[in-house]
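> This structure is in structure tokens; I'll ask about it shortly.
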Amino acid sequence: MKRRILNIFYRILFYASTFGLLFITLGPIIWLLLTSLKPETAVFATPPQWIPKDVTLSNYAEAFKQYSVGRLFINSMGVSLSVVVLNVLIGTPAGYAFARFRFKGDNAFFIVLLLVRMIPMISVLLPLFIMFSTLHLLDTWLALILVHTAAKLPVTIWLMRGFFREIPREIEESAKIDGCSVLQTLRRVAFPLAAPGVGAAAIMAFIFTWNDLLTATILTSTMASRPMTVGLMNFIMQFRIAWGPMTAAGTLMLIPAVVFCLWAERYLIRGLTFGAVKG
Amino acid sequence: MPTELVKQMGFGDLKPARRKLSFFGEHYVPFWLVLLAVITIAVILIYPLIYSIYLSFMDMSLGRGTTIFVGIRNYSDILFDDPIFRKVLGNNMVFMIISLTSEFLLGFALALLLNRPFRGRRFVRVLFLLPMLAAPVLVGTNFRWIFNSQFGLLNAILRVFNLPGVAWLVKSPWPMASIIVAEVWQYTPFTTLLLLAGLQSLPDTPFEAAKIDGASWWQQFRYITLPLLVPVISITAILRIVDKFRIFDIVYVMTLGGPARTTDLLPTYTYEVAFSQVRFGYAAAISWITLMLSLVFLIPFIKGALARSFD
Numbered sequence: 001m002k003r004r005i006l007n008i009f010y011r012i013l014f015y016a017s018t019f020g021l022l023f024i025t026l027g028p029i030i031w032l033l034l035t036s037l038k039p040e041t042a043v044f045a046t047p048p049q050w051i052p053k054d055v056t057l058s059n060y061a062e063a064f065k066q067y068s069v070g071r072l073f074i075n076s077m078g079v080s081l082s083v084v085v086l087n088v089l090i091g092t093p094a095g096y097a098f099a100r101f102r103f104k105g106d107n108a109f110f111i112v113l114l115l116v117r118m119i120p121m122i123s124v125l126l127p128l129f130i131m132f133s134t135l136h137l138l139d140t141w142l143a144l145i146l147v148h149t150a151a152k153l154p155v156t157i158w159l160m161r162g163f164f165r166e167i168p169r170e171i172e173e174s175a176k177i178d179g180c181s182v183l184q185t186l187r188r189v190a191f192p193l194a195a196p197g198v199g200a201a202a203i204m205a206f207i208f209t210w211n212d213l214l215t216a217t218i219l220t221s222t223m224a225s226r227p228m229t230v231g232l233m234n235f236i237m238q239f240r241i242a243w244g245p246m247t248a249a250g251t252l253m254l255i256p257a258v259v260f261c262l263w264a265e266r267y268l269i270r271g272l273t274f275g276a277v278k279g
Numbered sequence: 280m281p282t283e284l285v286k287q288m289g290f291g292d293l294k295p296a297r298r299k300l301s302f303f304g305e306h307y308v309p310f311w312l313v314l315l316a317v318i319t320i321a322v323i324l325i326y327p328l329i330y331s332i333y334l335s336f337m338d339m340s341l342g343r344g345t346t347i348f349v350g351i352r353n354y355s356d357i358l359f360d361d362p363i364f365r366k367v368l369g370n371n372m373v374f375m376i377i378s379l380t381s382e383f384l385l386g387f388a389l390a391l392l393l394n395r396p397f398r399g400r401r402f403v404r405v406l407f408l409l410p411m412l413a414a415p416v417l418v419g420t421n422f423r424w425i426f427n428s429q430f431g432l433l434n435a436i437l438r439v440f441n442l443p444g445v446a447w448l449v450k451s452p453w454p455m456a457s458i459i460v461a462e463v464w465q466y467t468p469f470t471t472l473l474l475l476a477g478l479q480s481l482p483d484t485p486f487e488a489a490k491i492d493g494a495s496w497w498q499q500f501r502y503i504t505l506p507l508l509v510p511v512i513s514i515t516a517i518l519r520i521v522d523k524f525r526i527f528d529i530v531y532v533m534t535l536g537g538p539a540r541t542t543d544l545l546p547t548y549t550y551e552v553a554f555s556q557v558r559f560g561y562a563a564a565i566s567w568i569t570l571m572l573s574l575v576f577l578i579p580f581i582k583g584a585l586a587r588s589f590d
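These protein sequence lines map, in sequence, to chains A and B.
Counting from 1, position 86 in the first sequence corresponds to residue 86 in my numbering; the numbering is continuous, with no gaps.
Each number in my numbering comes from the position in the second sequence (counting from 1) with 279 added on.
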């Protein structure tokens, strides 16, 4: 009898803590979303309204009209998608090479890859700023795409190498017997089988590019190439902060990341934990 | 002749293996595969890295006009003559220790919670990941809104309980606490994820044996779970420590290092030196000292990270 009560108690404790932690985890995000839907008077109401009485899209309209959120979104999306494509194109063959071949300098290069992942971006961005400045490439999509692609390549190669290693060699060997060259084997056999790896790498590359601030702040200056992360600061002006439209822009920023997460959660988790834990 | 025989047997297409290796031959395939990656990383990351080392020994600043060689003067100035650097370093240490401990304690608790199967667990796990997917700059502005003295959510909740509102971003020691809260909120899911993956990879047998021997939950945790998790904990610690020396967005947006530099951290200070004071050489030196410091804090965890589990 006592055991029963204890069990029920633990159960309640468990669900209570889970809900409590969920509330703390999601609370700020929900607050962001709710604030973005409130008219301006409600945004600044004290005491604050929890659930908005009037739901309005005026913040979104203002964000698009006054603060060019549309352009910011396009910049972010264009750069991020390009980075994903380039990473897959460049990182996949490299990962395959590390997985399947032993060649001179492969260990050295792999260690370099790991070390590169650890450098603080600011060290690299100072010279890059100077370099791009002399090349007149500041404030362009190209500069952002190049830097972000290079920065994400180590992770992409690491992930692809891991995924390729998990494919049984026999499948590739039989492809070779059937007459496939290395590239053909890669394209027709290994790549489709490593699709989850591509998914994981793509998500990682996208999210870390989409969310970046420092690189973009240093390398962009006008709306020509400014992404949404930097654009968020447009809402902070000298004497006031346009909280309403800012939360609207923030919600818009969150949507692609959330969509990715819900759709490809398995790949996302694989991407984040790969290398840290086996299996 | 061998080739005649070979043709007769129906293998007429076979040619003897070529001795000479050309650039397009099979031996060089892996080099071609990695070529683009190597070029990209070398040009965009490695070359600037080396250039930045070179910069750190130079004085390239607006005040001077031309770039001149100053040897290790930047480094010695930073370490011995820069009170701001010392203050910023202290801030970074405090920030790192408190946020790291919190992330691990909370992360572990969450991982243990999520380790038991229950209905909707996968959905809940996805929800817990959400903070990590938000841009740090967004997390920073969002928390700046929540911590707002007048209109912020936190003070509103306090007022409901008749407690006075607090100037979270202005009155010390709260600004440091505020950025720590933002950082822990955002990155605890990461530690949770890694620790959970570690927990789920643990074998069952030691636990079963311990249960038969009558070990309590705490004993199992202390003598089986923790030792087996040392590699995962070490790797997670390394990844998080490295990040504590790179945090920029949240601080930049929430407090900009204020008030009076109480929340200024190494990356924000580096940024200010580089782009507000326009002293690139000095800033480069700071960034390298930052890197070396992060390596120092990594060292205790490397041994644990390299150890692999027993299977």
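Backbone N, C-alpha and C define an ideal beta-carbon position, used for all residues, glycine too.
For the alpha helix (DSSP H) containing Phe486 of chain B, list its first residue and its last residue.
Its alpha helix (DSSP H) spans residues 484-491.
> Comparing C-alpha positions only, which one of A:Gln66, A:Ser68, A:Thr35, A:Ala151 sits nearest to Asp54 of chain A?
Cα-wise, what sits closest to Asp54 of chain A is A:Thr35.
> Taking CB distances under 8 Å as the criterion, tell me whether Gln498 of chain B reaches chain A.
No, Gln498 of chain B does not count as interfacial toward chain A.
> Just grab the DSSP bridge partners of Asp338 of chain B for me.
According to DSSP, Asp338 of chain B bridges with B:Ile347.
> Going by the beta-carbon positions, is the gap between Gly560 of chain B and Ser355 of chain B smaller than 8 Å?
It is not a contact, given that the beta carbons lie outside the stated cut-off.
> If you draw a straight line from the alpha carbon of Gly537 of chain B to that of Leu268 of chain A, how long is it in whole angstroms?
The straight-line gap from Cα to Cα measures roughly 36 Å.
> Check each residue of the region 250-269 of chain A: if its Cβ is closer than 8 Å to any Cβ of chain E, include it; give the result in chain order.
Structure shown: chain E not included; protein chains present are A and B.
> My guess is that Leu232 of chain A and Met223 of chain A are in contact by the Cβ rule of under 8 Å, so how many angstroms apart are they, rounded?
Their Cβ separation, rounded to whole angstroms, is 14 Å, which puts Leu232 of chain A and Met223 of chain A out of contact at 8 Å.
> Can you tell me whether DSSP reads Arg558 of chain B as helix, strand or coil?
It is a strand residue.
> One question on the structure: do Pro256 of chain A and Leu72 of chain A come within less than 8 Å of each other, judged by their Cβ atoms?
No, these two residues do not count as a Cβ contact at 8 Å.
> On the premise that Ser68 of chain A lies in contact with Leu144 of chain A, defined as a C-beta separation below 8 Å, what is that separation, rounded to the nearest angstrom?
Not confirmed; about 17 Å, so no contact.
> To which residues does DSSP link Ile236 of chain A through a beta bridge?
Answer is A:Ile241.
> Between which residues of its own chain and Phe486 of chain B is the CB-CB distance below 7 Å, once the five residues before and five after are set aside?
The answer, listed in chain order, is Gln499, Ile503.
> For a cutoff of 8 Å on Cβ pairs, would you count Tyr502 of chain B as touching chain A?
Closer than 8 Å: no.
> Could you tell me the alpha carbon to alpha carbon distance between Phe326 of chain A and Val313 of chain B, rounded to whole angstroms?
What is shown of chain A runs 1 to 279, which leaves residue 326 of chain A out entirely.
> Given a limit of 9 Å on CB to CB distance, which residues of the region 212-245 of chain A reach chain B?
Answer set for the region 212-245 of chain A: Asp212, Leu213, Leu214, Thr217, Ile218, Met228, Thr229, Val230, Leu232, Met233, Phe235, Ile236, Ile241, Trp243.
> Using a Cβ-Cβ distance under 8 Å, would Ile568 of chain B count as near chain A?
For Ile568 of chain B, the answer is no, since every Cβ of chain A falls outside 8 Å of its Cβ.
> Looking at chain A, which residues of the region 535-554 of chain B have a Cβ within less than 8 Å of any of its Cβ atoms?
Here the close residues are Pro546, Thr549, Tyr550, Ala553, Phe554.
> For Val88 of chain A and Val198 of chain A, which I take to be in contact (beta-carbon distance under 8 Å), what is that distance rounded to the nearest angstrom?
Indeed, because the Cβ distance is near 6 Å, the residues count as touching under 8 Å.
> If you draw a straight line from the alpha carbon of Leu300 of chain B to that of Thr156 of chain A, how long is it in whole angstroms?
Residue placement at Leu300 of chain B is flagged as unreliable, the pLDDT there being 44, under the threshold of 50; the coordinate-derived value follows with that caveat. Rounded to the nearest angstrom, the two C-alpha atoms are 31 Å apart.
> Quick check: what's the CA-CA separation for Arg365 of chain B versus Asn353 of chain B?
Using only the alpha carbons, I get a separation of about 14 Å.
> So the alpha helix (DSSP H) Ser58 of chain A belongs to, where does it begin and stop?
Per DSSP, Ser58 of chain A belongs to the alpha helix (DSSP H) from 58-67.
> State the start and end residues of the unbroken alpha helix (DSSP H) segment that holds Ile436 of chain B.
Note, Ile436 of chain B: alpha helix (DSSP H), 432-439.
> Does any residue of chain A bring its CB to less than 8 Å from the CB of Tyr330 of chain B?
So yes, Tyr330 of chain B belongs to the interface.
> Near Arg398 of chain B, what residues of its chain come up, given a Cβ to Cβ distance below 7 Å and the 5 sequence neighbours on each side ignored?
Excluding sequence neighbours, Arg398 of chain B sits near nothing in its chain.
> Are Thr542 of chain B and Thr534 of chain B close, meaning C-beta to C-beta below 8 Å?
Yes, these two residues count as a Cβ contact at 8 Å.
> Using a cut-off of 7 Å between C-beta atoms, extract the partners of Trp31 of chain A located in chain B.
Neighbours of Trp31 of chain A on chain B, chain order: Ile425, Leu432.
> Suppose contacts are defined by Cβ-Cβ distances below 8 Å. Is Phe426 of chain B in contact with Phe44 of chain A by that definition?
For Phe426 of chain B and Phe44 of chain A, no; Cβs fall outside 8 Å.
> By the DSSP assignment, the alpha helix (DSSP H) with Leu214 of chain A in it spans what residues?
Segment 214-219, the alpha helix (DSSP H) holding Leu214 of chain A.
> In this structure, does DSSP put Ile171 of chain A in helix, strand or coil?
DSSP places Ile171 of chain A in helix when its eight states are reduced to three.
> Please name the residues in the region 86-103 of chain A whose beta-carbon is closer than 7 Å to at least one beta-carbon of chain B, in chain order.
Those would be Ile90, Gly91, Pro93, Ala94, Tyr96, Ala97, Phe101, Phe103, in chain order.
> Could you check which residue in A:Thr46, A:Thr41, A:Asn234 has the C-alpha nearest to that of Ser58 of chain A?
Comparing Cα positions, the closest option is A:Thr41.
> Per DSSP, what kind of secondary structure is Asp360 of chain B in: helix, strand or coil?
Asp360 of chain B: helix per DSSP, three-state reduction.
> For Phe260 of chain A, which of helix, strand or coil comes out of DSSP?
Correct three-state label for Phe260 of chain A: helix.
> With distances taken Cα to Cα, identify the nearest neighbour of Pro28 of chain A among B:Phe407, B:Ile318, B:Gln479, B:Leu324.
Here the closest residue by C-alpha is B:Phe407.
> So Gln465 of chain B is in the alpha helix (DSSP H); what residue range does that whole segment cover?
Looking at the DSSP string, the run of the alpha helix (DSSP H) that includes Gln465 of chain B is 453-479.
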